[in-house]
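Residue numbers (this note's numbering), protein chains in the order written: chain A, 3 to 271; chain B, 20 to 315. Every residue gets a Cβ at the ideal spot worked out from N, C-alpha and C, and that includes glycine.
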């Protein structure tokens, strides 16, 4: 069964979406969407460096994304520029550096479009192992850090005062995010990773009354979007990564409709 | 008795400026210590240093080992993107049995709101929910930073009574921050008046009468006592008219009527929000009054 490229693509898409959904909820709650974008744009620099040093691209992406978040933390302490300006610099500087570096390395032939927009149909068995192994680490990490992360989302001061060590949780959260970016890159590509974090979470908002419900709903919505997008791309012969994002967008728009099951939440607003 | 927390010569410095300096204070079990002072006096900074949220740059902070803290921060806005019921808020920083949650909510009068989304609570209800959240942890030390914001004057007195009742029941120590001594007088044992440093301390009566306190807050602070001892004797109707205590209805209220400060010149008159436990008008005029006092 795993010999069929489409089955592998389907499993990869569902695995990544199920991991990105819960993490994406935290990204939305903590208003870190732009940070997610920055870290994923930096992935191209990670790929370039991995090619240069001849190591695994997932490792390179994880390493550079982590470095970018550390750099951001250090720059924030200097308080010279606002966070969104810093993110803007890091995001495009790392993307441009990656592109330039790839251009320099005339001896390697890489499929730039595949990295930018994903190449889910080329997912190998080894990729599947990385996706499910990495995904399990991310979900286990989230489960362990859930209370401090959620408490510090509501109030970093309450979390600190009541002994939940929010700073440590925040740093570990960055690592989990770097890991998700590393495994999601193959599926939707560097430029669209953030959409897989944010759109399913946004679509889940109105279905949920607690944070935990929203996290589970986001994982399910992401999996549905991945499946729908892949079948759509097969049927209409459209690029698979963007098709998944379009399917997620469709589910988000659907969640905005005043459907009967959602009336109660609507009435309470 | 062993102190829950002790601050010895504590100073916090940020951006080359001392936010507070030379603060000595301690809170014993069962004691309610209130920090008062004008805006920027370092009340919040001192409280955060006491519970270890802020690093101190001078002096030392001693906390009893295994101290459980319940904290109600000054500003808290929960984004709409985060679905959060009151029930879930109660377990934000640790698991709690359902019975403890029910008891804590009953104490603050929010029993019926277990499944309500916190974003739908009024300002006053939200503050009471935050108090319940801190209480459900059965804290040794309750730290409350302006906990009665968004609560109107009548509700504010009730709110402080709630805090005192919790102290009486559990024997916890309380570190309370307030901008208004008169409001918390009845509910406090020790008052520390801050203005970048400790400017005076003692029983509420002693501090309220001290020259340092009056210099800091201006003569209006003393009048505050009289202002808050009135009863609500008139009510603003939705059409802008006023119903007085004797049942008569006139076009406006008079200087001699109660709760005049609540609808000060700027925001009073027709259309002003009626006095209601959840109306924020009271809190706003508090700030205005305090600003005046600080300028004086």
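- What residue 104(B) touches in chain A, judged by beta-carbon distance under 8 Å, is 211, 212, going in chain order.
- With fewer than 16 other beta carbons inside 10 angstroms of its own, residue 131(A) counts as exposed.
- Boundaries of the beta strand (DSSP E) around residue 77(B): 77–82.
- One finds nothing in chain A with a Cβ atom closer than 8 Å to the Cβ of residue 168(B); even the nearest lies about 15 Å away.
- Counting along the chain, the unbroken alpha helix (DSSP H) around residue 173(A) starts and ends at 168–190.
- Bridge pairing for residue 45(B): 25(B) [DSSP].
- Looking at 215(B), 34(B), 203(B), 214(B), the one whose alpha-carbon comes closest to that of residue 222(B) is 203(B).
- The continuous beta strand (DSSP E) containing residue 55(B) extends over residues 51–55.
- One alpha carbon belongs to residue 132(B), the other to residue 118(B), and they sit about 15 Å apart.
- Within chain B, the residues 98, 100, 101 have their CB atoms less than 8 Å from the CB of residue 31(A), given in chain order.
- Only exposed fits residue 55(A), as fewer than 16 other CB atoms lie within 10 angstroms of its CB.
- Restricting attention to 195(B), 59(B), 49(B), 44(B), the CA atom closest to the CA of residue 214(B) is found in 59(B).
- Closest in C-alpha terms to residue 210(A), from the list 114(A), 24(A), 19(A), 8(A), comes 24(A).
- Buried is the label assigned to residue 182(A), since at least 16 other Cβ atoms lie within 10 Å of its Cβ.
- The Cβ atoms of residue 26(B) and residue 89(B) lie no closer than 8 Å to each other.
- With fewer than 16 neighbouring CB atoms inside 10 Å of its own CB, residue 116(B) falls in the exposed class.
- Under the three-state reduction of DSSP output, residue 144(A) falls in the helix class.
- With at least 16 other beta carbons inside 10 angstroms of its own, residue 200(B) counts as buried.
- Taking a cut-off of 8 Å for Cβ pairs, the region 152–165 of chain A and the region 73–93 of chain B touch, as three or more such pairs fall below it.
- Looking at 208(B), 51(B), 78(B), 185(B), the one whose alpha-carbon comes closest to that of residue 127(B) is 185(B).
- Taking 8 Å as the cut-off, the Cβ atoms of residue 157(A) and residue 95(B) count as close.
- Residue-level contact by beta carbon fails for residue 112(A) and chain B, as no gap is shorter than 8 Å.
- Each of 45(A), 83(A), 201(A), 80(A) was checked against the Cα of residue 65(A), and the nearest Cα belongs to 45(A).
- Chain-order list of chain A residues neighbouring residue 75(B): empty, with the shortest C-beta distance near 14 Å, by a criterion of under 9 Å.
- The Cβ neighbour count for residue 103(B), taken over all protein chains shown within 10 Å, is at least 16; the residue is labelled buried.
- Taking a C-beta cut-off of 8 Å against chain B, none of the residues of the region 170–192 of chain A qualify.
- Boundaries of the beta strand (DSSP E) around residue 194(B): 192–196.
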